[in-house]
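For reference, the structure discussed in these notes is given below.
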Amino acid sequence: MASRNKNKRCKSDSESQSEEEEDDVDSSIEKGDKISAESSSNQDMTTTSRHYFGSIEGGVSIGIIENMKEEYGLFVWPSSIILAEYVWQQKSRFLGVNVVELGAGTSLPGLVAAKVGADVTLTDDLNRSEVLDNMRRVCKINDLKCQVLGLTWGLWDAPVFDLYPNIILGADVLYDTSAFDDLFATVTFLLQKRPDSVFITTYHNRSGHHLIEFLMEKWGLKCNKLLDGFSFMPSHKASNLSGNIQLAEIVLDTFQCE
Ligand SMILES: C[S@@+](CC[C@H](N)C(=O)[O-])C[C@H]1O[C@@H](n2cnc3c(N)ncnc32)[C@H](O)[C@@H]1O
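Spelled out as structure tokens, the structure:
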């Protein structure tokens, strides 16, 4: 995961980026929604950032509540901005399908998936009630009906058995190597429930992808597609982000690749 300071910078960039894009977005998006931060909510470091996808004719926007006091889960990480853009650009794949976002935190990719017609379950660590509560709030402010679920990687609680995703999303969930096996265990379990399903993840590539390659082999998975996260980003968004961020589509090794 990128450093906290670095991502504070990215957050500001995301907000100013939103302002630059103002002319490009759907006229139904109210300017007052853009970067909220009521003075009262500022006191507890809560802000709302607004993220835009597409153009005037067919664009959407998503409001995200962030809290700078919290670590990890209440912050829009750059990998999330990149994965959300990918979901938007691949929106035809998401229409009417079942999507689970793992380690969703502020949930931008999952919310874009819901906006383009997916049936979405947003999940995060069972023990992080503040993150799960925030997910419910962002669903509400975006008028989206997603299921919100506590799901800790590598734990086999009852709700995980009810999930049958066609697409699993995960932005910046590969940052703590000690959690990689648990994450891959959960991903593999979900992929096995629907053998044509796919795990789409964005991550900071710090180790030349080798550890992830090793784990994919260990868990019987393979990478179907590997992209530089910046290769598909609109230039005005890419210029506000930095880092070596990759997007991987991971499937069961038995599944025939495209
Ligand atoms: C770096 S944050 C990324 C959040 C969000 N996906 C984004 O990119 O903005 C990592 C997320 O993974 C969640 N997480 C960490 N360990 C987890 C675990 N063992 N099980 C489930 N979620 C976990 C954290 O609570 C946090 O929301």
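Just so we're aligned: 53 in the UniProt record's numbering is position 53 of the sequence shown, and the numbers increase by one with no gaps anywhere. Backbone N, C-alpha and C define an ideal beta-carbon position, used for all residues, glycine too.
- Taking 8 Å as the cut-off, the Cβ atoms of Asp119 and Val148 do not count as close.
- Closest by C-alpha distance to Phe232, out of Met68, Lys69, Thr48, Ala84, is Ala84.
- DSSP, read as helix, strand or coil, puts Asn134 in helix.
- The Cβ-Cβ distance between Leu215 and Leu252 does not fall below 8 Å.
- Minimum Cα-Cα distance from Pro159 among the listed residues Tyr203, Gly117, Leu122, His51 corresponds to Leu122.
- Distances from the CA of Leu169 to each of His236, Thr254, Tyr175, Ser107 were compared; the closest alpha carbon is that of Ser107.
- Under DSSP, Gly170 forms a beta bridge with Thr201.
- Between Ile200 and Leu174, the C-beta gap is not smaller than 8 Å, which leaves the two residues out of contact.
- In this structure, the beta-carbon distance from Ser79 to Tyr203 falls below 8 Å.
- Pairing Val138 with Ile64 gives a Cβ-Cβ distance under 8 Å.
- C-alpha of Thr254 to C-alpha of Met45: approximately 47 Å in a straight line.
- Ala185 is positioned such that its CB atom lies closer than 8 Å to that of Gly154.
- Excluding its 5 nearest sequence neighbours in each direction, Asp228 has C-beta neighbours in its own chain below 7 Å: Gln246, listed in chain order.
- A distance below 8 Å separates the beta carbons of Val97 and Ile167.
- A distance of 8 Å or more separates the beta carbons of Lys140 and Ile62.
- Secondary structure of Asp124 (DSSP, three-state): strand.
- Secondary structure at Ala114: helix, using DSSP grouped into helix, strand and coil.
- Thr188 sits in a helix when the DSSP states are folded into three classes.
- Of the candidates Asp157, Ile250, Leu190, Asn205, the residue whose Cα lies closest to the Cα of Asp176 is Asn205.
- Leu211: member of the alpha helix (DSSP H) spanning 210–218, first to last residue.
- Arg128 has its CB nearer than 7 Å to a heavy atom of ligand 1.
- If you ignore the 5 residues before and after Gly117, its C-beta comes within less than 7 Å of the C-beta of Phe94, Leu95, Gly96, all in its own chain and listed in chain order.
- Using a 10 angstroms sphere on the CB of Glu57, the tally of other CB atoms stays under 16, which defines it as exposed.
- With a 10 Å radius around the Cβ and a threshold of 16 neighbouring Cβ atoms, Trp219 comes out buried.
- The C-alpha of Val60 lies about 33 Å from the C-alpha of Phe189.
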